[in-house]
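Just so we're on the same page, my numbering is the position in the sequence shown counted from 1, plus 97. From the three backbone atoms N, C-alpha and C, an ideal C-beta is built for every residue, glycine too.
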Amino acid sequence: METLYQEYHYPAIQDLKVTIQDSTLVFPSQETDKKSIFLSNLDLDLPLNFNVETVHFFSPDMDFPPQLAANKLKFALEKVLVTHDFLVGRLKLNSKTGQLEIDCNASSVGFVVATSLLALDEIGDSDYPNPAFRQLIVQSLENLGPNDQPLCIFQVTSFKCGGFAMSISTNHVLFDGMGFVIFLRNLASQAFDDKPLAIVPFKDRCLLAARSPSRVTFTHPELHKLDIPIDVERPSSQNLQTKLQ
Numbered sequence: 098m099e100t101l102y103q104e105y106h107y108p109a110i111q112d113l114k115v116t117i118q119d120s121t122l123v124f125p126s127q128e129t130d131k132k133s134i135f136l137s138n139l140d141l142d143l144p145l146n147f148n149v150e151t152v153h154f155f156s157p158d159m160d161f162p163p164q165l166a167a168n169k170l171k172f173a174l175e176k177v178l179v180t181h182d183f184l185v186g187r188l189k190l191n192s193k194t195g196q197l198e199i200d201c202n203a204s205s206v207g208f209v210v211a212t213s214l215l216a217l218d219e220i221g222d223s224d225y226p227n228p229a230f231r232q233l234i235v236q237s238l239e240n241l242g243p244n245d246q247p248l249c250i251f252q253v254t255s256f257k258c259g260g261f262a263m264s265i266s267t268n269h270v271l272f273d274g275m276g277f278v279i280f281l282r283n284l285a286s287q288a289f290d291d292k293p294l295a296i297v298p299f300k301d302r303c304l305l306a307a308r309s310p311s312r313v314t315f316t317h318p319e320l321h322k323l324d325i326p327i328d329v330e331r332p333s334s335q336n337l338q339t340k341l342q
């Protein structure tokens, strides 16, 4: 019988020899409206309030070196942040509702440029998780306080072979999976001049708000209370066998 399980051993190289070259803040290319974005109970579910980290590897391309890629990415990011203005916001507590919301205050997105002394073929198979890949991701910026950390940080790391890695760290309240895909498509579309967005984002999450007062119209049998006495003596195995016979 075949199995999909494959034992994987991490490569010998655990230090990618990454050096941060530049760390900046990116702002929208145009002025954006100051507003707050409501977060639903689904967004605020405690286990979901964490950073989602992805790393994307790109093979060497003489026509598209890492420095050009970083410049293009930063240019596109400035443009796409006009419509995705919630990325440059910060989490704040609504004093009236007591719930977190996104304060779209045009603060910033983090943008880090780094280099590695290794080549892509030296770091092992990028399809498998590797603890060393955390060196390609920045979770927070050292020059900012804990309450002013960006909700989204990019890092572009170039390798000596000419390839590069692009990592994105975002707070989960910004996107679900489909929302992140839409953002990536829009980001790619803005790397060129005079190109429209691939998909116009819909940012109003009030459609997901719980009704007040609550009106549960769907049957939830998993929540029904069962009237089962807990003090009933369990039958012995001998009595149970007699009944089955």
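- Comparing alpha carbon positions, the residue from Leu217, Asp182 and Phe230 closest to Asp301 is Asp182.
- Across the structure, Asp140 and Leu188 are spaced so that their CA atoms are roughly 12 Å apart.
- A contact is defined here as three or more CB-CB pairs under 8 Å, and the stretch 125 to 132 fails this definition with respect to the stretch 209 to 222.
- Under the 8 Å Cβ criterion, the stretch 107 to 126 counts as touching the stretch 230 to 239, having at least three qualifying pairs.
- Considering only Ala288, Leu284, Arg308 and Gly221, the residue with the shortest C-alpha distance to Val297 is Leu284.
- Counting only unbroken stretches of 4 or more residues, the alpha helix (DSSP H) elements lying wholly within the stretch 140 to 183 are 163 to 177, in sequence order.
- About 3 Å separates the Cβ atoms of Gly207 and Ile250, confirming a contact at the 8 Å cut-off.
- Between Leu184 and Leu178, the C-beta gap is smaller than 8 Å, which places the two residues in contact.
- Taking 8 Å as the cut-off, the Cβ atoms of Ser156 and Leu113 do not count as close.
- If you look at Ala285, you'll find it in the alpha helix (DSSP H) that goes Gly274 to Ser286.
- Burial check for Gly242: the Cβ neighbour count within 10 Å stays below 16, so the residue is exposed.
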